[in-house]
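Each remark here refers to the structure printed beneath this line.
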Amino acid sequence: MAKRPFLIPGVDKRLLIKDSIKTMPDVTRRRFIAGGASLGALTLLTGCDVVDSSSAEEMLKSVSKFNDAVQAFIFNPDALAPTFPESAITKPFPFNAYYDLDDAPDISAADWKLEVRGLVDNKKSWTLEELYKLPQVTQITRHICVEGWSAIGSWTGTPMRDFLKLIGADTRAKYVWFQCADKDGYNSPLDMRSALHPQTQMTFKYANEILPRAYGFPMKIRVPTKLGFKNPKYVVSMEVTNDYKGGYWEDQGYNSFSGS
Amino acid sequence: MASLTVTDEQVRATKSKVIQPAWVRVMHWVNAFAMILMILSGWQIYNASPLFDFRFPREYTLGGWLGGGLLWHFAAMWLLMINGLAYLVTGFATGRFRKKLLPITASGVLHDVRAALTFKLGHDDLTVYNYVQRLLYAGIIVVGVLIVLSGLAMWKPVQLYYLVMLFGDYPAARYVHFFCMAAICAFLVIHVLLALLVPKSLRAMIIGR
Chain A
1 MAKRPFLIPG
11 VDKRLLIKDS
21 IKTMPDVTRR
31 RFIAGGASLG
41 ALTLLTGCDV
51 VDSSSAEEML
61 KSVSKFNDAV
71 QAFIFNPDAL
81 APTFPESAIT
91 KPFPFNAYYD
101 LDDAPDISAA
111 DWKLEVRGLV
121 DNKKSWTLEE
131 LYKLPQVTQI
141 TRHICVEGWS
151 AIGSWTGTPM
161 RDFLKLIGAD
171 TRAKYVWFQC
181 ADKDGYNSPL
191 DMRSALHPQT
201 QMTFKYANEI
211 LPRAYGFPMK
221 IRVPTKLGFK
231 NPKYVVSMEV
241 TNDYKGGYWE
251 DQGYNSFSGS
Chain B
261 MASLTVTDEQ
271 VRATKSKVIQ
281 PAWVRVMHWV
291 NAFAMILMIL
301 SGWQIYNASP
311 LFDFRFPREY
321 TLGGWLGGGL
331 LWHFAAMWLL
341 MINGLAYLVT
351 GFATGRFRKK
361 LLPITASGVL
371 HDVRAALTFK
381 LGHDDLTVYN
391 YVQRLLYAGI
401 IVVGVLIVLS
411 GLAMWKPVQL
421 YYLVMLFGDY
431 PAARYVHFFC
441 MAAICAFLVI
451 HVLLALLVPK
461 SLRAMIIGR
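Each protein sequence line maps, in turn, to chains A and B. Under the numbering used here, the first residue of the first sequence is numbered 1, with each subsequent residue one higher. Under the numbering used here, the first residue of the second sequence is numbered 261, with each subsequent residue one higher.
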């Protein structure tokens with residue numbers, strides 16, 4: 001890779017990468033993990049070139065899987081995320097996506113339905129009106145982005161585990177897979193244990209107001225025990241499944257567990 | 261410059277005088293390697309959401325993009341953690357920390373800083389650390405512990421919430437982590453510079469004598 005300035009002022013680097021990825025053949029349409037970095041010093045030290053080495057990439061992926069196993073072993077998956085007083089809420093709560101707010105899905109409440117698929121007894125689709133009738137709870141928790149920034153927000157909605165019970169989901173299944181209305185089709189898998197976590201929520205309100213477009217109207221999934229990209233917005237369907245179906249960021253190399 | 265010939269006794273005496281035992285040398289270089297991986301991948305992660313009004317040049321980052329930087333960081337952390345823990349345990353158990361790093365007195369440090377700045381600080385006996393060395397080496401161990409703790413707090417802020425509390429809150433842990441990195445980089449510059457000024461200390465860290 002050529003050594004030229006990567007960041008262009010005023011250009012969103014993620015969009016830039018996304019555009020350039022589109023021009024690549026399918027096989028290479030994933031982000032380079034070992035590539036792109038100038039590793040002169042490291043190459044000298046180790047005597048081998050790790051820059052273009054796919055073995056480095058494979059090694060890193062196995063360590064990442066090993067980390068998942070270690071976490072599963074030492075941590076309690078039901079540990080509660082800390083909650084905060086209203087005074088701690090970050091104002092304004094940031095809008096964040098791989099596109100501008102103008103390009104965010106503009107969903108009409110009347111046309112929207114939540115599609116339910118997979119290992120569930122009742123596969124009926126839900127209108128927003130029906131979902132609003134379910135019991136709701138409010139949580140004030142910290143949203144932590146994979147990039148490092150964080151913000152405290154107030155989310156109100158139905159605990160996911162109550163909804164899964166209501167639709168007769170097979171909670172022995174491995175994942176709940178969400179599909180979203182974002183352009184280029186955002187999607188993300190959530191492991192069942194995290195889906196059943198008491199704080200995991202189908203969110204309909206932010207700061208006691210109907211969820212605004214910026215934060216994922218009409219429904220987002222709030223998982224305070226996971227990084228932000230595992231909290232999908234503009235959700236249109238959920239599937240209870242044993243298959244790992246991948247996700248928008250997961251496929252590009254973010255660790256799929258990404259638990260906090 | 262008394263004599264160029266040495267007696268057998270002198271040779272034996274020099275040979276037995278190991279300045280850096282093997283475990284220190286191995287752990288030192290493993291740590292150096294792990295640190296470089298952690299710093300370069302850490303800069304990649306920092307660049308995704310900078311705390312200050314600057315980014316690290318892409319040429320000095322590891323991983324190609326944030327996702328790759330994270331994978332490197334969370335892989336090299338094992339090397340850093342296991343090696344660091346082994347170093348702490350061995351350092352305390354063998355009494356090396358106590359013997360080599362203590363005592364650290366203010367007057368001693370002041371005296372040696374003055375001597376160092378006027379190039380009068382002797383390095384005849386490398387087995388005894390001067391007060392500047394003691395302060396820097398003890399200090400960097402503390403920084404090392406802090407950077408690992410703040411890193412763990414950022415990695416698992418829900419599971420390790422008590423660690424987050426130790427630093428105040430999540431954003432504070434990020435700043436602690438950053439400043440510890442800055443301290444380590446500053447140490448690295450001084451450390452390498454001084455090792456080059458006193459090459460026999462570098463030799464001791466490689467071959468032991």
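Glycine included, C-beta positions come from ideal geometry on N, C-alpha and C.
Nearest CB-CB separation between A/F257 and chain B: not below the 8 Å threshold. The three-state secondary structure of A/F204, taken from DSSP, is strand. In the three-state reduction of the DSSP assignment, A/D103 falls in the helix class. Neighbourhood of B/V418 in chain A, by CB distance below 7 Å: A79, A81, T225, S260, in chain order.
Only R142 from the segment 129-143 of chain A bring a Cβ to less than 8 Å from some Cβ of chain B. Cβ-Cβ distances below 8 Å link A/W112 to T127, L128, P218, V236 in the same chain, with the five nearest sequence neighbours on each side left out; the list follows chain order. Taking a Cβ-Cβ cut-off of 7 Å, the neighbours of A/N67 in chain B comprise F334, given in sequence order. The residues T387, R469, in chain order, have a CB closer than 8 Å to that of B/K277 in the same chain once the five nearest residues on each side in sequence are set aside. Comparing alpha-carbon positions, the option among B/K380, B/I342, B/L448, B/L300 lying closest to B/E319 turns out to be B/L300.
DSSP links A/R222 through a beta bridge to A/Q201. By the neighbour-count definition (other C-beta atoms within 10 Å, threshold 16), A/K123 is an exposed residue.
DSSP assignment within the segment 125-207 of chain A yields the following whole beta strand (DSSP E) runs of 3 residues or more, N-terminal first: 137-144, 150-159, 175-180, 187-191, 201-206. The C-beta separation of A/S154 from A/A207 comes to about 5 Å, placing the pair in contact by the 8 Å criterion.
Its chain contains I400 as the residues whose beta carbon lies nearer than 6 Å to that of B/F447, once the 5 sequence neighbours on both sides are disregarded; these appear in chain order. Within the segment 401-430 of chain B, contact with chain A at the beta-carbon level (separation under 7 Å) is assigned to K416, P417, V418, Q419, Y421, Y430. For B/C440, the closest C-alpha among the options B/Q280, B/H288, B/M295 is that of B/M295.
The alpha-carbon of A/S64 is positioned some 50 Å away from that of B/K380.
Rounded to whole angstroms, the gap between the alpha carbons of B/T350 and B/V405 is 15 Å.
In this structure, the alpha-carbon of A/A97 lies about 30 Å from that of B/L409.
Here the C-alpha atom of B/T354 lies approximately 26 Å from the C-alpha atom of B/A366. Comparing alpha-carbon positions, the option among B/G323, B/L331, B/G327, B/W325 lying closest to A/S62 turns out to be B/L331.
When DSSP states are grouped into helix, strand and coil, A/R213 belongs to the helix group.
As DSSP reads the structure, A/T83 sits in a beta bridge with A/T141. With a threshold of 16 other beta carbon atoms within 10 Å, B/C445 falls short and is exposed.
A residue is called buried when at least 16 other Cβ atoms come within 10 angstroms of its Cβ; A/I140 meets this threshold and is buried.
Under the 8 Å criterion on CB atoms, A/S150 is classed as interfacial with respect to chain B.
Checking the DSSP bridge columns, you'll see A/E239 partnered with A/R117, A/W177.
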